[in-house]
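Down below is the structure, laid out as structure tokens.
Residue numbers (UniProt numbering): 1 to 213.
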């Protein structure tokens, strides 16, 4: 149960950090908190990435390879973010987030982090039939690819960013209305996977005998 709460708390942390950081795209420059948020964009980026990392560490996925792939994408995104910050953004006198905004090619370096996020929301949408998760699966890569390629103008990006923000809040908030058991899953699957091939074969044969007896 504690792992489930931590998993969901990681999602809320990621969503909250993203919403605060993304608000700078729509808030007027003279808004009292705009300057403070812009000065701390990297803090919110780190906080959100940390929340996502916690959730990916605790996420319940039966296929271990998929879980490891999402975790690897997260790690690659963290490495790319650090490399971009220290090698490019800092020498240019910018924070990481602003550098990526000003230099679309930097999406190549931070993109894997958002690919991991996309994989997480896709899993949630697939397993629980959540509409907002399904839409996010398309919105997230669309915004990033639109920024990377330059084929999407700023007005469209801001609109999609607003949709992303709203859906992310709904997505994270609804996790706490789900039964705890949903994020625990069927532990017998992992018990079965831990058996040797001979033990698996014997168990399957035993279950088949019980089925037809």
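Every residue, glycine too, gets a C-beta built ideally from N, C-alpha and C. The structure presented is a predicted model; accordingly, all values stated were derived computationally and were not measured.
- In this chain, the alpha helix (DSSP H) harbouring residue 100 covers 96 to 102.
- Cα atoms of residue 148 and residue 103: separation of roughly 9 Å, rounded to the nearest angstrom.
- With contacts defined by Cβ atoms closer than 8 Å, residue 44 and residue 21 form a contacting pair.
- Looking at 84, 58, 48, 170, the one whose alpha-carbon comes closest to that of residue 1 is 58.
- As the crow flies, the alpha-carbon of residue 41 is around 26 Å from that of residue 122.
- Around the beta carbon of residue 108, fewer than 16 other beta carbons sit within 10 angstroms, so the residue counts as exposed.
- DSSP, reduced to helix, strand and coil, places residue 29 outside both helices and strands of the structure shown, so it counts as coil.
- In this model, residue 74 and residue 90 are separated by some 22 Å (Cα to Cα).
- In its chain, beyond the 5 residues on either side, 112 have a beta carbon closer than 6 Å to the beta carbon of residue 76.
- Ranked by Cα distance from residue 101, the first of 167, 47, 170, 145 is 145.
- Beyond the five residues adjoining it in sequence on each side, residue 12 comes within less than 6 Å, by CB distance, of 172 in the same chain, given in chain order.
- Looking at 97, 4, 61, 64, the one whose alpha-carbon comes closest to that of residue 17 is 97.
- Residue 63 sits in coil when the DSSP states are folded into three classes, being neither helix nor strand.
- A straight line joining the alpha-carbon of residue 169 with that of residue 19 spans about 8 Å.
- Inclusion of residue 55 and residue 10 in the CB contact set at 8 Å is warranted, their separation being smaller than that value.
- Residue 141 carries a helical assignment under DSSP once its states are collapsed to helix, strand and coil.
- Counting of Cβ neighbours within 10 angstroms places residue 35 among the exposed residues, the total staying below 16.
- Between the C-alpha atoms of residue 53 and residue 71 there is a straight-line separation of about 8 Å.
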